[in-house]
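Order-wise, the sequence lines are chains D and L.
Counted the way the numbering used here counts, the first sequence spans residues 1 to 283.
Counted the way the numbering used here counts, the second sequence spans residues 1001 to 1283.
The beta carbon of each residue, even a glycine, is placed where N, CA and C say it ideally should be.
2 protein chains.
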Amino acid sequence: MILCRTIPELQKLTTEAHATGQSIGLVPTMGALHEGHASLIKACHQENTISIVSIFVNPTQFGPNEDYDKYPRSFAKDCQTAEKAGADIIFTPAADELYPSKDMTWVEVTGDITKVLCGRTRPIHFRGVTTIITKLFNLIQPDKAYFGQKDAQQVEVLRKMVSDLFIPVELRIMPIIRESDGLAKSSRNAYLTPAEKTATLILYKSLQKAKAIFTAGERNPDNILKTVQQIIESEPLSSIDYIEIHGLPALTPLTDIIDKTALLAVAVKFGNTRLIDNIILEV
Amino acid sequence: MILCRTIPELQKLTTEAHATGQSIGLVPTMGALHEGHASLIKACHQENTISIVSIFVNPTQFGPNEDYDKYPRSFAKDCQTAEKAGADIIFTPAADELYPSKDMTWVEVTGDITKVLCGRTRPIHFRGVTTIITKLFNLIQPDKAYFGQKDAQQVEVLRKMVSDLFIPVELRIMPIIRESDGLAKSSRNAYLTPAEKTATLILYKSLQKAKAIFTAGERNPDNILKTVQQIIESEPLSSIDYIEIHGLPALTPLTDIIDKTALLAVAVKFGNTRLIDNIILEV
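See below:
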């Protein structure tokens, strides 16, 4: 596995790969790699000649009061995880190389798709995501790029960006990886105290219940939301940020009846740690 | 010359070209082609295997009170001009194919670079330009793209976008083409009455005078601006929008003394027609 810390080092390798017709897969990450990331890297390794994992904690997607400074960093361990999963290249540039100018060029997806769900409390988050991903796409020109369904809204926003701007890349979306007890793998799980970690089990439990009543025929979104809310509120350590249902693809509004595939997504704080999770309700 | 009216038609050709290693040059235009455009197409033809000219009057770069509806359209003549200059492909898509969604994904260069000069009175103009050019770059993936120095601010904004987002394209900037009397070629010259057209000669005259006093040693930007202002104001049919000097590259602020290469740029209305022109003052 090759470690590239600068753009010229990276582009020497990608230029060679493109010139010789080798396919390139990209897994963009912020490090703190867990089994969710590993599943993306494995898929990337299987489907491409060269697998590149970027590790970059992107400052522009964090709000002023968010956890940029304390976001978990574990570079040595990340390299092991990535290599074991099949990464050929790790790209880990300095922030000032990816953001050379204080006057930014932004790539921004507008509309409800970036205003609902996490967009309500994280108004600049997706602008930061779409901007950094555009930079990585342009630098690497991957054939395929891998993202996790865990970040369901990010997936829809990136799909819209790629479609609207005609970016020549195939997005590959991989399923959520969970702990055996149901907690979705997340770098932010490292923040949880043992008591909070136990409390988080309520998330998957609530989503499973929603799926069960949906499968049993419940099609009223308000009834489903109310059920999920009641279950999560039964856990004293939880504090709900949002519980929402939107149409898929593109997080379009639903009517009174769920008559198309829908995304049920939640964001809940446990102590200072805000976790997201989701489930797809397929009609 | 091949005429492509849809993205699939275009991409069939560009995919083939990329697969066989042919270089592609792109000349993005809004039609109403004149000798300025022809000079870009000729350069493109000389420097690339395949020359693509896009003809698309881009709605998102016009403000609500600007001339989108009456912008000159002369498609049949444009095809002749483009073919004569060496175009291999004309790409002229419908607006709803380039803008499939009412919720836009914008590419926006921020900072003074888009706020000075035309940015003062055309606040959404450059956002529209950078967005459509990004779409064309992604669709075509040209090796080189050609723009005229006439749109000096556009050139600097696009240079910054390409640099900030690491877009894999080489920008080729071609000199201003002028009528024999000095008027810079522009599609909007078609709007001028004969009396206005005569009056516009004051623009080039004022820029030439500025260059002369600069060459003679004048380094105070205010003195140069005053000289240009007095000359343009001597023409009764003129109405000044702006006369400004900024540092190059990137339209950075100047101090009291012009101690680096600078851009002297003007926007002046003659009747309802707003024209821009510029000259580079090279230290």
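(message) On the criterion of 16 or more Cβ atoms from any shown chain inside 10 Å, does Ala1262/L qualify as buried, or is it exposed?
(response) Ala1262/L counts as buried, since at least 16 other C-beta atoms from the protein chains shown sit within 10 angstroms of its C-beta.
(request) Please determine, among Arg1178/L, Met1161/L and Thr1200/L, the residue with the shortest C-alpha to C-alpha distance to Val1126/L. (result) Looking at the sequence provided, one finds Phe at residue 1126/L rather than Val. Residue nearest to Phe1126/L within the set Arg1178/L, Met1161/L and Thr1200/L is Met1161/L (criterion: CA-CA distance).
(message) For a contact defined as C-beta to C-beta under 7 Å, what are the partners of Pro1168/L on chain A?
(response) This model lacks chain A altogether, as its protein chains are D and L.
(request) Work out the CA separation of Thr114/D and Lys1150/L for me, nearest whole Å. (result) Straight-line measurement puts the Cα of Thr114/D at about 37 Å from the Cα of Lys1150/L.
(request) Identify the continuous alpha helix (DSSP H) that holds Asn1138/L and give its terminal residues. (result) For Asn1138/L, the enclosing alpha helix (DSSP H) stretches over residues His1125 to Ile1140.
(message) Just to confirm, is the Cβ distance from Pro72/D to Ser187/D under 7 Å?
(response) In this structure, the beta-carbon distance from Pro72/D to Ser187/D falls below 7 Å.
(request) Using 10 angstroms around the beta-carbon of Gln1061/L, count the other beta-carbons present and answer buried if the total reaches 16, otherwise exposed. (result) Around the C-beta of Gln1061/L, 16 or more other C-beta atoms lie within 10 Å, and the residue is accordingly described as buried.
(message) Below 8 Å on C-beta distance, what does Glu9/D contact in chain L?
(response) Within chain L, no residue has its CB atom less than 8 Å from the CB of Glu9/D, the nearest being about 14 Å off.
(message) Could you compute how far the alpha carbon of Ala1199/L sits from the alpha carbon of Val1155/L?
(response) Spanning the two alpha carbons is a distance of roughly 27 Å.
(request) Could you tell me which chain L residues have their CB closer than 7 Å to the CB of Leu165/D, listed as they occur along the chain? (result) For Leu165/D, the neighbours in chain L by C-beta distance under 7 Å run, in chain order, Thr1105, Thr1134, Lys1135 and Asn1138.
(request) Please classify Asn1189/L: does DSSP put it in a helix, a strand, or coil? (result) If DSSP states are grouped into helix, strand and coil, Asn1189/L belongs with the helices.
(request) For Asn278/D, write down the residues that DSSP places opposite it in a beta bridge. (result) Paired residue(s): Ala265/D.
(message) Quick check on DSSP: helix, strand or coil for Asp222/D?
(response) Helix.
(request) Under 8 Å by Cβ, that's how I've got Pro1028/L and Ala1145/L pegged, so tell me the actual separation to the nearest angstrom. (result) Rounded, the Cβ-Cβ distance is 7 Å, consistent with contact.
(request) Return the residue from the list Thr110/D, Asp222/D, Leu251/D and Asn223/D that minimises the CA-CA distance to Leu284/D. (result) Chain D is shown only over 1 to 283; residue 284/D falls outside these bounds and no answer can be derived.
(request) Evaluate Val283/D with the Cβ neighbour count: other Cβ atoms within 10 Å of its Cβ, from every protein chain shown; 16 or more gives buried, anything less gives exposed. (result) So Val283/D counts as exposed.
(request) Throw me the rounded Cβ distance for the Ile1041/L and Ser1054/L pair, which I believe falls under 8 Å. (result) Ile1041/L to Ser1054/L, Cβ: 11 Å. No contact.
(message) Please report the distance separating the alpha-carbon of Cys4/D from that of Cys79/D.
(response) Their backbone Cα atoms lie some 12 Å apart in a straight line.
(message) At a cut-off of 6 Å, would you count Cys44/D as near the ligand MN, judging by its Cβ distance to the nearest heavy atom?
(response) Because no ligand of any kind appears in the structure shown, any question about the ligand MN cannot be addressed here.
(request) Look at the alpha carbon of Lys77/D and the alpha carbon of Val129/D, and state the distance between them as a whole number of angstroms. (result) Near 24 Å, if we compare the C-alpha coordinates of Val129/D and Lys77/D.
(message) For a contact defined as C-beta to C-beta under 7 Å, what are the partners of Glu97/D on chain L?
(response) Simply none; closest approach about 10 Å.
(message) If you reduce the DSSP assignment to three classes, tell me which class His34/D lands in.
(response) In the structure shown, His34/D adopts coil according to DSSP, grouped into three states.
(message) Within the continuous alpha helix (DSSP H) that includes Lys260/D, where are the two ends?
(response) Element bounds for Lys260/D: n/a, residue is neither H nor E.
(message) Give me the chain L residues within the contact set of Pro100/D, using Cβ-Cβ distance strictly less than 9 Å, ordered along the chain.
(response) Here the neighbours are Ser1163 and Asp1164.
(request) Determine, using beta carbons only, whether Thr1131/L and Val1109/L come nearer to each other than 7 Å. (result) Against a cut-off of 7 Å, the Cβ pair of Val1109/L and Thr1131/L comes out as no contact.
(request) Note down, in chain order, every chain L residue with its Cβ under 9 Å from the Cβ of Thr110/D. (result) Ordered by position in chain L, the residues that pass the 9 Å Cβ test against Thr110/D are Asp1103, Met1104, Thr1105 and Trp1106.
(request) Output the boundary residues of the beta strand (DSSP E) element that contains Pro28/D. (result) According to the DSSP assignment, Pro28/D belongs to the beta strand (DSSP E) that extends over Ile24 to Thr29.
(request) Could you say which of Ser1163/L, Gly1119/L and Leu1136/L lies nearest to Leu284/D if we only look at CA atoms? (result) Residue 284/D is absent from the structure shown; chain D starts at 1 and stops at 283.
(request) With distances taken Cα to Cα, identify the nearest neighbour of Arg970/L among Gly1025/L, Asp1241/L and Gly1247/L. (result) It is not possible to answer for residue 970/L, since the shown part of chain L is limited to 1001 through 1283.
(message) So, at 8 Å on beta carbons, what are the nonlocal neighbours of Leu1192/L in its own chain, with the 5 sequence-adjacent residues on each side left out?
(response) Cβ within range, chain order: Thr1200, Phe1270, Gly1271 and Thr1273.
(request) Tell me whether the beta-carbon of Val268/D lies closer than 7 Å to the beta-carbon of Ser234/D. (result) Contact flag unset, no.
(request) Check whether the Cβ atoms of Ile1243/L and Gln1229/L sit closer than 7 Å, and answer yes or no. (result) For Ile1243/L and Gln1229/L, yes; Cβs fall inside 7 Å.
(request) Please classify Lys135/D: is it buried, with 16 or more other beta-carbons within 10 angstroms of its beta-carbon, or exposed? (result) Looking at its Cβ environment, which holds 16 or more other Cβ atoms inside 10 Å, Lys135/D is buried.
(message) I need the straight-line Cα distance from Glu1035/L to Lys1185/L, nearest angstrom please.
(response) Cα to Cα, Glu1035/L sits roughly 7 Å from Lys1185/L.
(request) Just tell me which of Gly63/D, Leu10/D and Ile279/D has its CA closest to the CA of Ile124/D. (result) It is Gly63/D whose Cα lies nearest to the Cα of Ile124/D.
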